[in-house]
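Undergrad:
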Amino acid sequence: MPPLWRLSVATIERDGPFSDYAGYDRTIVALDGTIELTIDGESHLLAPHAPLSFAGEATASCRVHGGPAHDLNVMTARAHAAHDVEIVTGRSIFLVDDDELVFIYALDGAVRADGLACAAGETLAAENVERIAIETDPGAHACVVRITPR
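Those letters in the sequence shown? Residues 1 to 150, by this note's numbering.
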């Protein structure tokens with residue numbers, strides 16, 4: 001059985017097509033470098049830390065400008081789950097559904113979630129909580145990924 005969801009960091013070293021993930025919804029967050037995605041003929045220059053969502057069956061390719069780049073990828077099997085990606089700074093509180101998975105990825109600087117800390121490039125998972133308080137250092141950003149079964 002194919003995976004119901006996936007959360008990963010990828011290195012894009014050169015221009016090329018993206019794999020076809022028919023039946024999945026995708027969100028990409030540029031971590032560094034300059035990434036240009038062309039999705040079904042429409043060009044998108046990814047701003048750092050700005051999520052871009054698209055259907056996995058879309059025809060997608062990328063160009064990297066000025067060398068390798070890194071991105072955070074979130075994918076969910078559309079028939080089985082949905083996801084939401086939000087960038088937060090400062091202090092935020094999220095209410096969590098019983099069946100929801102929550103991941104906090106530190107984009108830059110230090111991030112704390114209910115007292116647990118992580119540094120840039122690290123991920124925290126929230127399990128069996130009704131709410132989660134997230135706080136970033138001044139100027140730091142966290143990526144909150146919520147995955148909900150259908």
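Ideal Cβ placement from N, Cα and C applies to all residues, glycine included.
#1: Go to residue 124, then tell me how far its beta strand (DSSP E) extends in each direction, as first and last residue.
#2: In terms of DSSP beta bridges, what is residue 148 paired with?
#3: What residue from 44, 4, 70 and 132 has the CA that sits closest to residue 60's CA?
#4: Buried or exposed for residue 135, please, with buried defined as at least 16 other CB atoms from any protein chain shown within 10 angstroms of its CB.
#5: With H, G and I counted as helix, E and B as strand and the rest as coil, what does DSSP make of residue 33?
#6: Below 8 Å, can you find three or more Cβ-Cβ pairs linking the segment 99-106 to the segment 51-69?
#7: Is the segment 55-70 close to the segment 79-97, with three or more CB pairs under 8 Å?
#8: Starting from the Cα of residue 89, find the closest Cα among 118, 76, 25 and 142 and give me that residue.
TA: From the atom records:
#1: That run of the beta strand (DSSP E) goes 123-126.
#2: 82
#3: The shortest Cα separation from residue 60 among 44, 4, 70 and 132 belongs to 44.
#4: buried
#5: Residue 33: strand per DSSP, three-state reduction.
#6: no
#7: no
#8: 142
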